[in-house]
Structure formats: structure tokens, C-alpha cells
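To start, the structure under review is shown below, and the notes come after it.
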Amino acid sequence: MTETKRNANPRIVTLTAPSGSGKTTIARRVLAAFPQMRFSVSATTRPPRPYEQDGVHYHFLSPETFRQRIEEGALLEYEEVYPGRFYGTLVEEVERATTDAPVLLDIEVNGARNVKRLFGDEAVVIFIQPPSLEVLRERLEGRATEDADTLRTRLERAAYELSFADQFDTVVVNDDLETAVEETLHYIADFLSSRSSVTP
Numbered sequence: 003m004t005e006t007k008r009n010a011n012p013r014i015v016t017l018t019a020p021s022g023s024g025k026t027t028i029a030r031r032v033l034a035a036f037p038q039m040r041f042s043v044s045a046t047t048r049p050p051r052p053y054e055q056d057g058v059h060y061h062f063l064s065p066e067t068f069r070q071r072i073e074e075g076a077l078l079e080y081e082e083v084y085p086g087r088f089y090g091t092l093v094e095e096v097e098r099a100t101t102d103a104p105v106l107l108d109i110e111v112n113g114a115r116n117v118k119r120l121f122g123d124e125a126v127v128i129f130i131q132p133p134s135l136e137v138l139r140e141r142l143e144g145r146a147t148e149d150a151d152t153l154r155t156r157l158e159r160a161a162y163e164l165s166f167a168d169q170f171d172t173v174v175v176n177d178d179l180e181t182a183v184e185e186t187l188h189y190i191a192d193f194l195s196s197r198s199s200v201t202p
């Protein structure tokens, strides 16, 4: 993790959650509601899924390239989620964030903790929480993208990540998607309107 140059008055909205909690779905709704907001495309070393495009869904990097970017100080935050499996936010994705053109991050829990530490009140971090680990298991199984070992690892990690929920600005329980979206949009609108006149 590295410090970064940034605008004097950045505005950063961050959604974080255990994998399978619905944060990416909610992120799409946030972007639709706030057209002035730009999405920060994360970098990862995981292989792309068949429908994913480099630079659109993720910046897909080799582990060697990712480590080189770390050494260059090109990452705002990063984490080795599993051995050899990195996720992170490139500095270039957030350095242009302003009050009138905020940036939205959809990132891992420890990365979100780093963003909050770096930006303080200039960033709002919303934790999207599943109703329970059992519901999360059902959602992950429904994806049909995980084998038994990966599923077990994700659930163990989710239990760990849930322990950090109270460190963020607010927690939104994604039991009913529409209710979760409404709560998230309301909280973001409050965050932005306290600093600018932009609302959804």
C-alpha cells in the first residue's frame, strides 16, 4: 500500500463486502443513479471469466506485473487475497476524483480499510453485508463458478471480513436488493450533498 498524489478535494465512494454479497450489482445501480460518478476499474491477477474484458471489468495483470506495479508505487491499495491472487486499485484510477466528479470503488475489505485510513472524511465506505453466511453460501453456489475448495475458502474469508463491518461508515444488509440499493443511494446522496449540490 502506498501514499498517492491526489486532488486537494477528492470525493471517493467505496463499496466493500465479502464476495457474493451483491456489492457489484449495487455498484451498477449507484453508477446509474449518479451519472457524474466514474467507476474505478480494479486490477487483479485472477484470470478473466469468459464475458469479462480487460480494462472494462478489471485490469487483468500477471502476478509478475502486479508485483512490479507495487514496487513502482502505482497502487493506492492492494491485497493478496489468496496465494498469488492479488487485487488492488491503481493510483491513476482515483487521482482525478473531485467533488463534482467522484469516483466509485468496488473493492476488497482490507483495501477499503486502507482507503478510509488514507482519505478519512473525503471517502465514504459502505459495507454490504449478506443476511447470513448460509445465504452467502447459497449465492456463491448459485454462481456455479466455485469448486468445493474455493467455496470453502471464500466462506472462511467472508467470516473474517464480516468482523470488520463496524469499522466502516455504514453497513447495508443486502437481504432485499431493492431495499439495499435504496439505502445505499440515500447514504451516498447525503455524503455528496454535504459537499456539493449534486444528488441523484
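Going by our numbering, the first residue of the sequence shown is number 3, and it counts up by one from there.
All C-beta atoms, glycine included, are put in the ideal place defined by N, C-alpha and C.
None of these values were measured; they are calculated from a predicted model.
For residue i, which residues does DSSP report across the bridge?
i, result
"Tyr60", "Asp56"
"Ile109", "Thr18"
"Phe88", "Glu82"
"Arg40", "Val105"
"Ile130", "Val174"
"Thr46", "Phe62, Tyr89"
"Leu77", "Leu92"
"Ala125", "Ile14"
Straight-line CA distance for residue i to residue j?
i, j, result
"Glu54", "Asp178", "27 angstroms"
"Leu243", "Tyr162", "Examination of residue 243 is not possible in this model, given that the chain is present from 3 through 202 alone."
"Asn176", "Gly24", "7 angstroms"
"Leu78", "Ala191", "25 angstroms"
"Gln38", "Arg156", "33 angstroms"
"Ala76", "Glu140", "37 angstroms"
"Ser196", "Thr101", "10 angstroms"
"Arg40", "Pro85", "30 angstroms"
"Arg115", "Glu184", "24 angstroms"
"Leu17", "Gly144", "22 angstroms"
"Val137", "His188", "25 angstroms"
"Ile1", "Gly90", "Only positions 3 to 202 of the chain appear in the structure, and residue 1 is not among them; the question remains open."
"Ala182", "Pro20", "15 angstroms"
"Ala167", "Gln131", "8 angstroms"
"Glu158", "Glu180", "27 angstroms"
"Thr172", "Pro52", "34 angstroms"
"Glu74", "Glu94", "13 angstroms"
Grab me the residues of residue i's own chain with a C-beta within less than 7 angstroms of its C-beta, minus the 5 sequence neighbours each way, in chain order.
i, result
"Ile14", "Val96, Ala99, Pro104, Val105, Leu107, Val117, Phe121, Glu124, Ala125"
"Asn112", "Glu81"
"Thr186", "Ile28, Val32, Ile128, Val174"
"Pro133", "Val175, Asp177"
If contacts are defined as beta-carbon pairs under 8 angstroms, then residue i and residue j qualify, I think. What distance do you get, rounded to the angstrom?
i, j, result
"Arg87", "Arg48", "6 angstroms"
"Gly22", "Leu142", "4 angstroms"
Suppose the cutoff is 6 angstroms on Cβ atoms and the five residues either side in sequence are ignored; what does the same chain contact list for residue i look like?
i, result
"Phe170", "Val127, Phe129"
"Glu5", "Its pLDDT being 46, under 50, Glu5 is placed unreliably in this model, and the coordinates cannot settle the point."
"Pro12", "Ala99, Glu124"
"Arg71", "Leu77"
"Arg8", "Below a pLDDT of 50, predicted positions are generally treated as unreliable, and Arg8, at 48, falls in that range; the measurement from the model is reported next regardless. Cβ neighbours of Arg8 beyond the five flanking positions: Glu97."
Using a Cβ-Cβ cutoff of less than 8 angstroms, which residues in the same chain neighbour residue i once the five nearest sequence positions on both sides are dropped?
i, result
"His61", "Val43, Ser44, Ala45, Thr46, Leu92"
"Pro50", "Asp56, His59, Tyr60, Phe62"
Query raised in the report: Touch check for the segment 64-77 and the segment 22-37: three-plus C-beta pairs under 8 angstroms?
Result: Per the Cβ contact rule, the segment 64-77 is not in contact with the segment 22-37 (fewer than 3 Cβ pairs under 8 angstroms).
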